[in-house]
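Enquirer: When you read off a place in the sequence shown, starting at 1, and then add 1, the result is the number in our numbering.
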Amino acid sequence: MKTNSVCALLMCMLISSCSEQPPVASDTADPKQQLLRQGQSRAVSCASCHGQQGVSAIAAYPSLAGRSQAELKAALLAYRSGEKTNALMSAQASALSDADIELLSAYFAALPAAKN
Ligand code: HEC
2 MKTNSVCALL MCMLISSCSE QPPVASDTAD PKQQLLRQGQ SRAVSCASCH GQQGVSAIAA
62 YPSLAGRSQA ELKAALLAYR SGEKTNALMS AQASALSDAD IELLSAYFAA LPAAKN
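Right, dumping it as structure tokens:
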């Protein structure tokens, strides 16, 4: 019993020390990696329009990656308050909390910008 759990622990340590491929998931201590990880899971609903990494494949949907955080945050606040309206984006923004807006704007700003 005891030996088993020690083995399990060793296996875990072994597996986690080997799995360095996804840097986003492995390093929780680094604030940037943490931001990317949290942002990515919060941004799942944004990806269908704005692209997986905030780089949109469709001209009607602006790319968000690498834009300034202040600009992204201001846009989200404006859609949420109704100061700015868009048939698709207003509904998205109305569901966001202040913390979501903070996270999402920091996340997309931290992603590499579209090359075009
Ligand atoms: C159904 C499609 C759709 C989804 C899903 C969506 N958006 Fe958008 N978004 C748009 C469109 C279309 C625009 C451009 C609106 C306009 O031109 O006013 C936009 C604009 C924006 C802008 C402003 C960009 C600029 O250039 O001013 C931001 C920031 C943004 N979206 C963030 C998000 C975030 C964060 C999410 C996820 C919570 C999200 N969007 C989900 C369609 C979408």
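Using N, Cα and C, we set each Cβ at its ideal position, and we do this for glycine too.
Computed from a prediction, not measured in an experiment: that's the story for all the values here.
Out of Ser82, Glu103 and Ser106, which one is the CA nearest neighbour of Ser95?
Expert: Of Ser82, Glu103 and Ser106, the residue nearest in Cα terms is Ser82.
Enquirer: Between which two residues does the alpha helix (DSSP H) carrying Lys116 extend?
Expert: Unbroken run through Lys116: none, as it is neither H nor E.
Enquirer: Helix, strand or coil for Tyr108? Go by DSSP, reduced to three states.
Expert: Here Tyr108 sits in helix by DSSP.
Enquirer: Where does Ala44 land, buried or exposed, given buried means 16+ other C-beta within 10 angstroms?
Expert: That one is buried.
Enquirer: Is there at least one non-hydrogen atom of ligand 1 closer than 7 Å to the beta-carbon of Leu37?
Expert: Not under cutoff, so the answer is no.
Enquirer: Hey, which unbroken runs of the beta strand (DSSP E) at 3 residues or more fall wholly within the segment 36-73?
Expert: Fully enclosed beta strand (DSSP E) runs of 3 or longer: not present.
Enquirer: Any heavy atom of ligand 1 closer than 7 Å to the CB of Ala61?
Expert: Under cutoff, so the answer is yes.
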